[in-house]
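S.K.:
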Amino acid sequence: MAELVFFSGTMDCGKSTLALQMDYNHRARGRGGVRFSCNDRAGDSTISSRLGLQTDAVEVGGDTDFWDEVVARRTSGLRVDYLICDEAQFYSASQVEQLARVVDEMDVDVFAFGITSDFRTRLFPGSQRLIELADKVQVLQVEALCWCGRRATQNARTVNGIMVVEGEQVMVGDVAPATGDDISDADAVGYETLCRRHYMRRVTAHGANVMAGADQPLPFDVDACLWPGAGALRQG
């Protein structure tokens, strides 16, 4: 039985790497598949991993119909047993429904990979529909890390190193922390994974470095057991 499986996680957790590995594994067993992507960091019609892996793919646009894509290939004699759908968070809800139909009526496996929520902690439309319709939702076990070393659970957008929580949901940017020359560029857009604590406090790696450079201890770097006022509280 074919399945619709959604592999989700934050940035930097290896989604695209797994997508490429799964495609390789299935092709090695003689299965035919099609790779799809949308707004990949390396450009259109590409699936790329931050580890350096990269391959071609079909770019998903607003008018892409996955049912038609599979039908066109099968009627031309190509074998389509599975679909690799990277950056699935950018797909529309109707496109996710098309993927579900491909699974149910054509017996084609669909492996979708994407970020669950955006920089505002709101679900992407594509991810929301995948969670609602997928046979399986698997959170990737490779944990992205916040700059503090804790597990990162939130995707933050930065402009010139400063975290922002307003703006267009989709905006292409780099994931490298903005430092040095990066923050000199006008309106340099970047992305960073943060733990919930630092996301809520709006403290990015750049912001933490600035505060540390001022020789002022961050409130979350002070051990509560060693806080000077702790003794007074115990005596009271």
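So in the numbering used here the end of the sequence shown lands on 225, straight run, no missing numbers.
Yeah, the Cβ is synthetic: ideal placement off N, Cα and C, and Gly gets one too.
#1: Among Phe79, Leu134, Arg146, Glu86, which has the Cα closest to the Cα of glutamate 121?
#2: Verify whether the separation of the beta carbon atoms of valine 128 and leucine -7 is less than 8 angstroms.
#3: In whole angstroms, give me the CA-to-CA distance for threonine 110 and alanine 145.
#4: Bridge partners of aspartate 57, per DSSP?
#5: Anyone know if the C-beta pair for arginine 62 and valine 23 falls short of 8 angstroms?
#6: If you drop the 5 nearest sequence neighbours on each side, which residues of the same chain put their C-beta closer than 6 angstroms to that of alanine 82?
#7: Any idea what DSSP makes of leucine 112, helix, strand or coil?
#8: Give me the residue from Glu76, Asn28, Val60 with the minimum Cα distance to glutamate 94.
#9: Starting from leucine 9, follow the beta strand (DSSP E) in both directions and report where the run begins and ends.
#10: Considering just the uninterrupted stretch of the beta strand (DSSP E) at valine 126, what are its terminal residues?
#11: Using DSSP's beta-bridge definition, name the partner residues of glutamate 181.
#12: For tryptophan 56, I'd like the list of residues in its chain whose CB is within less than 7 angstroms of its CB, leaving aside the five on either flank, ordered along the chain.
#13: Would you check if there are 3 or more beta carbon pairs closer than 8 angstroms linking the segment 175 to 189 to the segment 33 to 49?
#14: Does the beta-carbon of glycine 150 have 16 or more other beta-carbons within 10 angstroms, so that it is buried, or is it exposed?
M.R.: Taking the definition as stated:
#1: Glu86
#2: no
#3: Using only the alpha carbons, I get a separation of about 9 angstroms.
#4: In DSSP, aspartate 57 forms no bridge with anything.
#5: yes
#6: Pro114, Arg118
#7: Strand.
#8: Of Glu76, Asn28, Val60, the residue nearest in Cα terms is Val60.
#9: No beta strand (DSSP E) holds leucine 9; the alpha helix (DSSP H) holding it covers 4 to 17.
#10: 125 to 128
#11: Ala145
#12: Gln87, Arg90, Val91
#13: With a cut-off of 8 angstroms on Cβ pairs, the segment 175 to 189 is not in contact with the segment 33 to 49, counting fewer than three such pairs.
#14: buried
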